[in-house]
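Participant: Numbering (the working numbering), first residue to last: 3 to 235. Dropping the structure in here first, questions after.
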Ligand code: CA
């Protein structure tokens, strides 16, 4: 996995670089926002660690620029006590945040979780970088989805959800499994976060197209498969 660290505090950047390198990540470091954005555009990273307070261009601006055309997972590094920074980061498209100062174990856990959720580890272990079901195609390395050649505008979570459904296409996947795999947490059975996410995803993946791929199996979960129009429920 290739990781970009955008952090102007030299000691911290070096500490993070060394730790991730020891865990077999390939790491680039940028000491300011402009350099970070340039690297993010030039290189295909699997994860970006992005500090908020940076000289020149701040982390929020860098994040918004990255999100114009890339769904790469972004972990924001924020001050522990600045809750508004976390909220703003998540609203602007960050996938997670880590409050400074942080323990190394905490950093590694977050990096691992984001990598796992992005589906890249699975892609690396099978050597398969593209998933296909019918005319739906997922480019796991670039984190892009296409239907009939048209690029779908998915959020990071939607991409992860879709990659899970595609990897197990034809199988019914329960809400609980989706919650665990995509959100990495156990939801109470009375929350409808999975239903809402699936509904949004279906709007993007199926609504404009004649053949539906994402189906609800009542009382059980969801299945992604090509069905002929008269077999639709
Ligand atoms: Ca800083």
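We put the CB at the ideal spot given by N, CA and C, even for glycine.
Using the Cβ count rule (16 or more neighbours within 10 Å means buried), how would you classify residue 125?
Facilitator: On the chain shown, residue 125 is found 123 positions in, with the first residue counted as 1. Note that residue 125 scores 47 on pLDDT, short of 50, meaning its location in the model is unreliable and no value can be drawn from it.
Participant: Which residue wins for smallest C-alpha separation from residue 219, given the options 199, 211, 183, 173?
Facilitator: Locating residue 219 in the chain shown gives position 217, where the first residue counts as 1. Taking only the C-alpha atoms, the option nearest residue 219 is 173.
Participant: Can you pull the DSSP bridge partners for residue 141?
Facilitator: Counting from one through the chain shown, the residue named residue 141 turns up at place 139. Bridge partners of residue 141: 132, 146.
Participant: At a cut-off of 7 Å, would you count residue 56 as near ligand 1, judging by its Cβ distance to the nearest heavy atom?
Facilitator: The residue given as residue 56 occupies position 54 in the chain shown. At least one heavy atom of ligand 1 is nearer than 7 Å to the Cβ of residue 56, so yes.
Participant: Report the CB separation of residue 33 from residue 68 in whole angstroms; it is logged as a contact under 8 Å.
Facilitator: Residue 33 sits at position 31 when you count from the first residue of the chain shown. Residue 68 sits at position 66 when you count from the first residue of the chain shown. Not a contact, Cβ separation roughly 17 Å.
Participant: Could you please give the first and the last residue of the uninterrupted alpha helix (DSSP H) stretch that includes residue 92?
Facilitator: Within the chain shown, the letter at position 90 stands for residue 92. Per DSSP, residue 92 belongs to the alpha helix (DSSP H) from 85–93.
Participant: Would residue 85 be called buried (16 or more neighbouring beta carbons within 10 Å of its own) or exposed?
Facilitator: Start at 1 with the first residue of the chain shown, and residue 85 comes out as number 83. Under this definition residue 85 is an exposed residue.
Participant: Which stretch, first to last residue, makes up the beta strand (DSSP E) that contains residue 4?
Facilitator: Indexing the chain shown from 1 puts residue 4 at position 2. Taken as a continuous stretch (DSSP letters only), the beta strand (DSSP E) holding residue 4 covers 4–8.
Participant: Please confirm whether any heavy atom of ligand 1 lies closer than 7 Å to the CB of residue 60.
Facilitator: Residue 60 sits at position 58 when you count from the first residue of the chain shown. Because no heavy atom of ligand 1 lies under 7 Å away, the Cβ of residue 60 does not count as near it: no.
Participant: DSSP three-state label for residue 19, please.
Facilitator: Start at 1 with the first residue of the chain shown, and residue 19 comes out as number 17. Note: residue 19 maps to helix in three-state DSSP.
Participant: Please report the Cβ distance between residue 18 and residue 38, rounded to the nearest whole angstrom; I am assuming they are in contact, meaning their Cβ atoms lie under 8 Å.
Facilitator: Numbered from 1 along the chain shown, position 16 holds the residue referred to as residue 18. Numbered from 1 along the chain shown, position 36 holds the residue referred to as residue 38. So it is not a contact: roughly 14 Å between Cβ atoms.
Participant: Report the residue from 57, 3, 27 whose alpha carbon sits nearest the alpha carbon of residue 11.
Facilitator: Counted from its first residue, the chain shown places residue 11 at position 9. Comparing Cα positions, the closest option is 57.
Participant: Look up residue 172 in the DSSP assignment and give the residues it is bridged to.
Facilitator: Translated into the one-based positions of the chain shown, residue 172 becomes position 170. Bridge partners of residue 172: none, in fact.
Participant: So, at 6 Å on beta carbons, what are the nonlocal neighbours of residue 31 in its own chain, with the 5 sequence-adjacent residues on each side left out?
Facilitator: Position 29 of the chain shown, counted from the first residue, corresponds to residue 31. Answer for residue 31: 7, 15, 19, listed in chain order.
Participant: Whose C-alpha, out of 226, 136, 99, is nearest the C-alpha of residue 166?
Facilitator: In the chain shown, counting from the first residue as 1, residue 166 sits at position 164. Considering only alpha carbons, the answer is 226.
Participant: With residue 61 as the anchor, note down where its alpha helix (DSSP H) starts and where it stops.
Facilitator: The sequence position of residue 61 within the chain shown is 59, counting from 1. Counting along the chain, the alpha helix (DSSP H) containing residue 61 begins and ends at 61–69.
Participant: Regarding residue 11 and ligand 1, is the C-beta to nearest heavy atom distance less than 7 Å?
Facilitator: If you number the chain shown from 1, residue 11 lands on position 9. Checking the Cβ of residue 11 against ligand 1 gives yes.
Participant: Runs of 4 residues minimum, wholly inside the segment 22–50: which ones carry the alpha helix (DSSP H) assignment?
Facilitator: The qualifying runs are 35–44.
Participant: Any idea what DSSP makes of residue 153, helix, strand or coil?
Facilitator: The residue you call residue 153 lines up with position 151 of the chain shown. In this structure, residue 153 counts as strand in the three-state DSSP scheme.
Participant: Taking the alpha-carbon of residue 2 as reference, which of 117, 147, 229 has the nearest alpha-carbon?
Facilitator: Residue coverage of the chain in this structure runs from 3 to 235, which leaves residue 2 outside it and unanswerable.
Participant: Under 8 Å, with one C-beta from each stretch per pair, do the segment 84–98 and the segment 128–147 reach the 3-pair mark?
Facilitator: No, they do not touch.
Participant: Nearest by alpha-carbon distance to residue 78: which of 70, 64, 180 is it?
Facilitator: The residue given as residue 78 occupies position 76 in the chain shown. That would be 64, whose Cα lies nearest to the Cα of residue 78.
Participant: Say yes only if the C-beta of residue 34 is nearer than 7 Å to one or more non-hydrogen atoms of ligand 1, and no if none qualify.
Facilitator: To locate residue 34, count along the chain shown from 1; it is residue 32. The answer is no for residue 34.
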